[in-house]
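Colleague:
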Amino acid sequence: MLLADDHVGLLKAWGRLLEPSCDVVGSVRDGRALLEAAVALTPDVIVADLAMPEVSGLDVCRTIKASLPQIKVVLVTGGGDENVARAAFRAGASAFVLKYAAVHDLQVAIERALTGDEYCSPTVRMKSAESTR
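Residues -19 to 113 (our numbering) are what the sequence shown spells out, left to right.
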């Protein structure tokens, strides 16, 4: 797993949260570094902030899914609604998680992504029970 967020504290917290059950192969602080690390490390899953310096999480997701489609992308954001979630899934994300719910949602999102399912934090109200695409 590769982690990406411009806040060092969150990277450390996500690492502590995930390392008991996941192999964290690296962490980066901007979108450009994430693209480089994804190519070099080819992790199974990337957990990335939606709003990062250099290249946004959405743009990173689009690029990764075009060149390395086997990598699952979990996008995390400090705030988002149904429209933001739909944009994340259209970009190729397997999951959309709100940061304040990450302690409860992140592991579930990763597990679902690895099985080929989508996951969206339950507090994001989707108008349709159908696919988030």
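The beta carbon of each residue, even a glycine, is placed where N, CA and C say it ideally should be.
Nearest by alpha-carbon distance to Lys52: which of Glu98, Ala65 and Gly(-11) is it?
Modeller: Ranking Glu98, Ala65 and Gly(-11) by Cα distance to Lys52 puts Glu98 first.
Colleague: Just how far apart, CA to CA, sit Lys79 and Pro102?
Modeller: Each residue's alpha carbon lies about 12 Å from the other.
Colleague: Would you report the Cα separation of Asp10 and Asp85, rounded to the nearest angstrom?
Modeller: Taking the straight line joining both Cα atoms gives about 23 Å.
Colleague: Between which two residues does the alpha helix (DSSP H) holding Leu78 run?
Modeller: Segment Ala75 to Leu78 is the beta strand (DSSP E) holding Leu78; no alpha helix (DSSP H) there.
Colleague: Helix or strand or just coil, what does DSSP make of Gly37?
Modeller: Here Gly37 sits in helix by DSSP.
Colleague: Who are Val27's beta bridge partners in DSSP?
Modeller: Bridge partners of Val27: Leu(-17) and Val54.
Colleague: Is Ile26 closer than 8 Å to Leu114 when the C-beta atoms are compared?
Modeller: The chain is shown only over -19 to 113; residue 114 falls outside these bounds and no answer can be derived.
Colleague: I'd like the span of the beta strand (DSSP E) that includes Gly6, first residue to last.
Modeller: Residues Gly6 to Val8.
Colleague: Taking three-plus beta-carbon pairs below 8 Å as touching, is the region 64 to 77 in contact with the region 12 to 19?
Modeller: The answer is no - the region 12 to 19 does not touch the region 64 to 77, with fewer than three Cβ pairs under 8 Å.
Colleague: Check whether the Cβ of Leu30 lies closer than 7 Å to any heavy atom of the ligand NAD, and answer yes or no.
Modeller: Of the ligands one can find in the structure shown there are none, so the ligand NAD has no counterpart to examine.
Colleague: Roughly how many angstroms lie between the CA atoms of Val54 and Ala89, to the nearest whole one?
Modeller: Cα-Cα distance, rounded: 7 Å.
Colleague: Report the rounded CA-to-CA distance for Ala71 versus Ile44, giving the unit in angstroms.
Modeller: For Ala71 and Ile44, the distance between alpha carbons rounds to 10 Å.
Colleague: Buried or exposed for Arg(-4), going by 16 or more other Cβ atoms inside 10 Å?
Modeller: Classification of Arg(-4): exposed, given that the 10 Å Cβ count is below 16.
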